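Take a look at the structure set out below.
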Amino acid sequence: MKNIVWFSEGTKDQKELLGGKGANLAEMTSIGLPVPAGFIVTTDVCRQFLENQQLTQPLVEEIIRAVATLEERTHKSFGGNQQPLLVSVRSGAKYSMPRMMDTILNLGLTDQTVQTLAANTKNPTFAYDCYRRLIQMYGDVVKGIDKSHFESYLTTYKHKKGYPSDQSMVAPDWQEICEVFKSIYMEHTQERFPQDPLEQLLSAVQAVFRSWNNPRAITYRKIHKIAHDLGTAVTVQEMVFGNSGAASGTGVAFTRDPTTGHRGLFGEFLACAQGEDVVAGVRTPRPISDLAKTQPEIHAQFSAIAELLEDHYKDMQDIEFTIEKGRLFVLQTRNGKRTAKAAVQIAIDLVSEGKITKKAALHRLTPDMLDQLLHPIFSPESLAKASPLGQGLPASPGAAVGRVYFSAEAAVNAHQAGEKVILLRQETSPEDIDGMVVSEAIVTSRGGMTSHAAVVARGLGVCCVAGCDQLAVDSFLKQARCGEAIIQEGDYLSVDGTTGNLYQGALSLVASQDFGLLQTILDWSKERADLVVRANAETIEEIKTAASFGAAGIGLARTEHMFFGESRIWPMRQVILAETTEERQVALSQLKTFQLNDFKELLLQTKEQKCVIRLLDPPLHEFLPRPQEYEEMAKRSGYSLEKIKQRIHDLQEVNPMMGHRGSRLGITYPEIYEMQTAAIIEAALQVSDTGSVVYPEIMLPLISISEEMRVLRERLEMYIRQIFAHYQKEVPFKIGMMLETPRACLLTKELAPLADFFSFGTNDLTQMTFGFSRDDAAGFIQRYLDQGILSEDPYQHLDKAGVGQLMEQAIASIRQQTKEKAIGVCGEVGGDPQSIAFLREIGIDYVSCSPYRIPAAWLAIAQSAPDPLS
Ligand code: PEP
Ligand code: MG
Numbered sequence: 001m002k003n004i005v006w007f008s009e010g011t012k013d014q015k016e017l018l019g020g021k022g023a024n025l026a027e028m029t030s031i032g033l034p035v036p037a038g039f040i041v042t043t044d045v046c047r048q049f050l051e052n053q054q055l056t057q058p059l060v061e062e063i064i065r066a067v068a069t070l071e072e073r074t075h076k077s078f079g080g081n082q083q084p085l086l087v088s089v090r091s092g093a094k095y096s097m098p099r100m101m102d103t104i105l106n107l108g109l110t111d112q113t114v115q116t117l118a119a120n121t122k123n124p125t126f127a128y129d130c131y132r133r134l135i136q137m138y139g140d141v142v143k144g145i146d147k148s149h150f151e152s153y154l155t156t157y158k159h160k161k162g163y164p165s166d167q168s169m170v171a172p173d174w175q176e177i178c179e180v181f182k183s184i185y186m187e188h189t190q191e192r193f194p195q196d197p198l199e200q201l202l203s204a205v206q207a208v209f210r211s212w213n214n215p216r217a218i219t220y221r222k223i224h225k226i227a228h229d230l231g232t233a234v235t236v237q238e239m240v241f242g243n244s245g246a247a248s249g250t251g252v253a254f255t256r257d258p259t260t261g262h263r264g265l266f267g268e269f270l271a272c273a274q275g276e277d278v279v280a281g282v283r284t285p286r287p288i289s290d291l292a293k294t295q296p297e298i299h300a301q302f303s304a305i306a307e308l309l310e311d312h313y314k315d316m317q318d319i320e321f322t323i324e325k326g327r328l329f330v331l332q333t334r335n336g337k338r339t340a341k342a343a344v345q346i347a348i349d350l351v352s353e354g355k356i357t358k359k360a361a362l363h364r365l366t367p368d369m370l371d372q373l374l375h376p377i378f379s380p381e382s383l384a385k386a387s388p389l390g391q392g393l394p395a396s397p398g399a400a401v402g403r404v405y406f407s408a409e410a411a412v413n414a415h416q417a418g419e420k421v422i423l424l425r426q427e428t429s430p431e432d433i434d435g436m437v438v439s440e441a442i443v444t445s446r447g448g449m450t451s452h453a454a455v456v457a458r459g460l461g462v463c464c465v466a467g468c469d470q471l472a473v474d475s476f477l478k479q480a481r482c483g484e485a486i487i488q489e490g491d492y493l494s495v496d497g498t499t500g501n502l503y504q505g506a507l508s509l510v511a512s513q514d515f516g517l518l519q520t521i522l523d524w525s526k527e528r529a530d531l532v533v534r535a536n537a538e539t540i541e542e543i544k545t546a547a548s549f550g551a552a553g554i555g556l557a558r559t560e561h562m563f564f565g566e567s568r569i570w571p572m573r574q575v576i577l578a579e580t581t582e583e584r585q586v587a588l589s590q591l592k593t594f595q596l597n598d599f600k601e602l603l604l605q606t607k608e609q610k611c612v613i614r615l616l617d618p619p620l621h622e623f624l625p626r627p628q629e630y631e632e633m634a635k636r637s638g639y640s641l642e643k644i645k646q647r648i649h650d651l652q653e654v655n656p657m658m659g660h661r662g663s664r665l666g667i668t669y670p671e672i673y674e675m676q677t678a679a680i681i682e683a684a685l686q687v688s689d690t691g692s693v694v695y696p697e698i699m700l701p702l703i704s705i706s707e708e709m710r711v712l713r714e715r716l717e718m719y720i721r722q723i724f725a726h727y728q729k730e731v732p733f734k735i736g737m738m739l740e741t742p743r744a745c746l747l748t749k750e751l752a753p754l755a756d757f758f759s760f761g762t763n764d765l766t767q768m769t770f771g772f773s774r775d776d777a778a779g780f781i782q783r784y785l786d787q788g789i790l791s792e793d794p795y796q797h798l799d800k801a802g803v804g805q806l807m808e809q810a811i812a813s814i815r816q817q818t819k820e821k822a823i824g825v826c827g828e829v830g831g832d833p834q835s836i837a838f839l840r841e842i843g844i845d846y847v848s849c850s851p852y853r854i855p856a857a858w859l860a861i862a863q864s865a866p867d868p869l870s
């Protein structure tokens with residue numbers, strides 16, 4: 001095992017061992033680019049070091065030998081008084097963790113060598129500035145001296161002297177600063193600043209290794225799901241100086257614009273400066289094009305290198321360079337970070353430039369990039385200034401700004417008055433739909449990824465943060481508390497549904513929609529896809545959106561969503577409260593008129609495609625009037641208030657989600673399912689009369705017992721035959737079932753012959769498999785995640801071990817009987833890119849999800865598709 005690898009020995013494929021930075025420096029060296037010489041202490045060494053907290057003696061000797069070799073290669077000497085060798089010591093892990101770990105520059109400077117450097121460069125200002133930077137960085141990184149001790153002295157000094165910036169400082173100033181910095185160092189460590197460069201180097205290497213475990217690096221790894229045991233490599237590299245005179249400078253450039261993706265060098269340059277000056281923003285850099293005016297040969301050489309690097313890596317590069325007295329050095333190259341829009345643009349352009357294949361282009365993208373293309377986002381500048389007020393679940397992506405309202409009614413009123421509104425509630429219910437539709441964003445303090453708010457918001461394409469349990473919402477007082485902060489009605493709130501973050505005030509938004517780019521990615525994804533994506537949609541708006549995102553029909557139209565308009569909710573209530581079948585029939589016939597029109601629209605929109613319509617599912621209490629509506633209910637129905645209250649009381653259930661809902665309602669209130677079936681079939685007959693081909697598929701929810709399915713199917717089929725007989729014409733139809741209880745999954749052998757198709761309702765199936773209420777689990781699931789009891793929220797990503805196992809067994813037993821019947825997934829994980837590969841593996845034919853999740857689902861399918869494909 002090699003502990004030390006020279007740049008000239010490594011390659012770009014050794015990121016795990018050499019870190020991303022080291023591997024790329026090695027690669028650039030091997031293709032002949034001007035890279036300052038250096039070596040890498042590997043991540044293996046880091047892991048050993050972190051275990052023992054010390055460098056072994058053989059390793060120390062190896063490093064000393066490597067320094068000697070570096071001296072030979074550079075014709076400089078470490079600590080010598082002819083040509084002093086100075087080095088940088090940088091961290092570099094397998095995955096880029098920008099500025100999370102430590103770096104020390106100018107190592108090798110001492111009271112002695114600083115004088116030589118000043119004499120050799122004839123630039124004492126530069127030499128002493130370098131030295132004070134070293135003392136400061138070394139003090140901070142190696143000895144943990146708070147940077148502010150150095151910085152506040154420097155600020156006071158400049159103030160005292162009346163200097164506007166560091167640039168005004170001259171050699172004696174820096175000399176004095178160096179002396180004071182050394183005494184600050186002494187004061188905090190009781191030691192002299194080390195005058196032995198080797199001691200500096202060995203301590204610096206250890207400090208960089210230790211910085212792998214500093215709190216910000218740990219947090220970064222948690223956020224980006226980077227393993228904690230990878231460790232960092234350390235690169236030790238000869239320093240070159242961009243601050244050594246007029247023909248020197250430093251800069252950073254991208255080979256394409258990281259915001260738009262457009263081709264062409266995009267970067268900044270600072271004459272006579274060191275890299276950190278560009279980052280620190282003390283001086284305003286010039287556009288890289290200025291270099292063409294001042295140093296045209298260097299600009300040409302750099303442009304050629306940039307093109308070569310992009311061709312070599314076949315991706316947009318982010319390159320750091322330094323010019324030392326008219327000589328160009330490349331210090332770093334890496335695949336450049338970019339916005340979602342730029343990522344998609346670059347991937348498409350690289351294909352048309354013949355540099356990568358379509359398949360490679362698709363693999364460069366992540367599903368959430370497509371999400372971002374569809375929704376506005378916060379401008380990076382405003383995000384940089386803001387700190388989150390709280391964080392909930394990222395339930396529906398996008399960013400939004402508006403004024404907060406605590407009830408649907410208030411939201412609607414404010415919207416009508418021309419305001420942009422955010423609906424903030426403990427949780428939402430179907431009655432809030434009017435307020436949800438007009439909101440820029442929906443925020444709830446309770447509920448998970450499959451809560452009402454989350455599901456509806458995703459369907460609407462409205463940004464949503466659900467289950468933000470730091471929020472204490474008081475709808476009565478019209479205020480919410482989040483830690484110390486109080487949010488009052490009418491206050492501005494900024495909501496990021498992609499990260500789950502909430503911000504006080506109004507952040508600025510940028511539209512990032514680019515449907516042209518999206519279309520290309522959708523087309524390429526579909527070419528590779530071996531599963532199809534359908535939509536969970538029922539309104540015309542949703543269906544049109546779904547179609548524009550390439551939905552292959554409807555996988556779930558939840559008919560209960562059709563009962564909530566002002567004109568429908570009252571007859572629906574009448575149906576529920578009715579005491580006799582006759583009374584119920586009257587209200588049902590009113591509802592049927594609405595449903596017939598709904599289904600006609602639905603089938604017209606989806607003609608030629610599959611359209612799965614699910615019969616009523618939720619518990620009836622969701623439709624019941626609220627106390628303030630009892631009077632009106634009494635007026636409309638003619639029942640006394642007492643009767644209404646009594647009936648509502650009778651319908652109350654302790655645990656409605658496990659109670660009288662789904663097909664159980666179909667069994668006990670046959671009229672409701674009959675009305676819905678009649679409306680579907682009559683709508684299909686009418687639409688097919690216009691010459692369109694329709695494929696209505698009726699789906700029964702929450703079946704647990706084969707007898708439920710048999711009885712319902714028999715009744716509905718008989719009913720449908722009567723309708724056909726009445727109209728003397730027929731349409732093709734199917735009757736299928738949801739697989740959303742564990743019992744149904746275990747008994748698919750019995751159920752398979754009874755249904756024409758199957759769709760896993762993973763929301764309920766997850767609820768019942770774990771016994772975690774889908775409406776209440778968000779709070780404790782978060783704690784489970786924090787404590788590592790669960791590694792993922794099973795409502796966000798399919799639980800393969802449990803729920804997945806039930807599904808796998810169910811599919812296998814259905815497939816033993818029939819290969820023909822379609823099996824889909826219409827719970828929320830159907831639209832989860834991370835779950836899709838597993839769903840393919842277990843034999844799912846299609847996934848169905850909210851319209852705005854469709855593009856990401858197609859991409860995930862294409863990315864996980866096995867080769868070769870047509
Ligand atoms: C499910 O349970 O996964 C499902 C799709 O049905 P709903 O969310 O409407 O209960
Ligand atoms: Mg369900």
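Numbered continuously in UniProt numbering, the sequence shown closes out at residue 870.
All C-beta atoms in this analysis are idealised placements derived from N, C-alpha and C, irrespective of residue type, glycine included.
Since this is a predicted model, take the numbers as computed values, not measurements.
Backbone secondary structure at residue i - three-state DSSP
i, result
"Glu653", "coil"
"Leu270", "strand"
"Ser8", "helix"
"Pro866", "coil"
"Glu632", "helix"
"Gly96", "According to the sequence as given, residue 96 is Ser; it is not Gly. Three-state result, Ser96: coil."
"Glu320", "strand"
"Gly390", "strand"
"Gln504", "strand"
"Asp474", "strand"
"Leu591", "helix"
"Tyr639", "coil"
Start and end residues, beta strand (DSSP E) containing residue i
i, result
"Lys734", "734-739"
"Pro696", "695-700"
"Leu334", "Sequence inspection shows Arg at residue 334; the Leu mentioned does not correspond to that position. 327-335 is the extent of the beta strand (DSSP E) around Arg334."
"Phe760", "758-760"
Cutoff 6 Å; reference residue i; Cβ partners in own chain excluding five residues on either side
i, result
"Gly261", "Ala342, Gln345, Ile346"
C-alpha gap between residue i and residue j, whole angstroms
i, j, result
"Leu869", "Arg528", "Low confidence applies here, because Leu869 scores a pLDDT of 44, under 50, leaving its location unreliable; read the following figure in that light. Between Leu869 and Arg528, the C-alpha separation is close to 6 Å."
"Cys463", "Gly497", "5 Å"
"Ala454", "Val465", "8 Å"
"Pro287", "Asp318", "15 Å"
"Ala26", "Met100", "22 Å"
"Thr559", "Tyr852", "20 Å"
"Ile433", "Gln479", "21 Å"
"Ser835", "Arg481", "35 Å"
Cβ shell of residue i (< 8 Å), same chain only, five flanking positions each side left out
i, result
"Ala684", "Phe599, Leu603, Val694, Pro696, Val731, Phe733"
Nearest neighbour of residue i, chosen from the options [CA to CA]
i, options, result
"Arg783", "Gly418, Glu179, Gly392", "Gly392"
"Thr294", "Asp311, Lys325, Ala247", "Ala247"
"Gly108", "Val236, Ala217, His149", "Val236"
"Lys94", "Ser525, Ile177, Ser773, Ile226", "Ile226"
"Ser508", "Gln416, Asp434, Glu431, Phe378", "Phe378"
"Glu238", "Val35, Val205, Val825, Glu542", "Val35"
Beta carbon proximity, residue i to chain D, threshold 8 Å
i, result
"Ile442", "Protein chain content of the structure displayed is limited to a single chain, and chain D is not contained in it."
Span of the alpha helix (DSSP H), counted from its first residue to its last, around residue i
i, result
"Leu308", "296-313"
"residue 912", "One cannot answer for residue 912 here, as it falls past the ends of the chain, which runs 1 to 870."
Contact test: residue i Cβ vs the ligand FMN heavy atom, cutoff 7 Å
i, result
"Asn763", "No copy of the ligand FMN occurs in the structure displayed; its ligands are the ligand PEP and the ligand MG alone."
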